[in-house]
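These notes concern the structure reproduced below.
Residue numbers (this note's numbering), protein chains in the order written: chain A, 1 to 112; chain B, 1001 to 1115.
Structure below.
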């Protein structure tokens, strides 16, 4: 069962904010939202995660709606190097090592 | 920074050969994972290990085995490679210590071609 739904592709102009949505309407109370990205021919890279509060780090911001049924990853000033596939994953922290489900993700293309 | 390294970026083997893929992490992580990634199928977990000499099957363990003799090293073994094992293989590690974010750190991947 797909736990998350993401648009298959998005474009963004260089220097602009990239806002990547994710729907997770069946999320449980103890499930976190994790975001990873995968640049072509490399392994996935962790970006950020959160439970219910908005989070920010040096790479991105994560906005989770109050009902936790959706979230948005924000890259504030996208660069060409941010072109990648972005994956939204929901899982219980520390619960099960067999639960990382990378779906199809969103292919973000940052254009000059 | 966490570093996960894999022994080869590209590997070409023949059907029936025994293949070893090596993964090393330098962050003293307890958990290590092997995935394969194929177009349209995403990442699929082959095996994982939560401690030295411990292993657990993932979603697609058939045709593979693993070895974890040291905490930092996790090996994936294809006993008799077949063409349907041509894929990108990704190793990852994570920690289950309380202060950890429980994120997985991935290596660069090994693109294996079996002829």
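Ideal placement from N, C-alpha and C gives every residue a C-beta, glycine not left out.
Contact between the region 99–108 of chain A and the region 1040–1050 of chain B is present: three or more C-beta pairs spanning the two stretches fall below 8 Å. A straight line joining the alpha-carbon of residue 10 (chain A) with that of residue 84 (chain A) spans about 10 Å.
Looking at the DSSP output, residue 11 (chain A) sits in a beta bridge with A:109. If you draw a 10 Å sphere on the C-beta of residue 39 (chain A), you find fewer than 16 other C-beta atoms in it, and that means exposed.
As the crow flies, the alpha-carbon of residue 23 (chain A) is around 29 Å from that of residue 1109 (chain B). The region 57–68 of chain A makes no contact with the region 1027–1041 of chain B; the number of CB pairs closer than 8 Å stays below 3. Boundaries of the beta strand (DSSP E) harbouring residue 49 (chain A): 45–50, taken from the DSSP string. The beta carbon of residue 63 (chain A) sits closer than 6 Å to those of 54, 72, all from its chain and outside the five residues before and after it, given in chain order. Residues of chain A whose Cβ lies closer than 8 Å to the Cβ of residue 1105 (chain B) are, in chain order, 46. Bounds of any beta strand (DSSP E) do not take in residue 25 (chain A), whose DSSP letter is neither H nor E. In the structure shown, residue 1111 (chain B) adopts extended strand secondary structure according to DSSP, grouped into three states.
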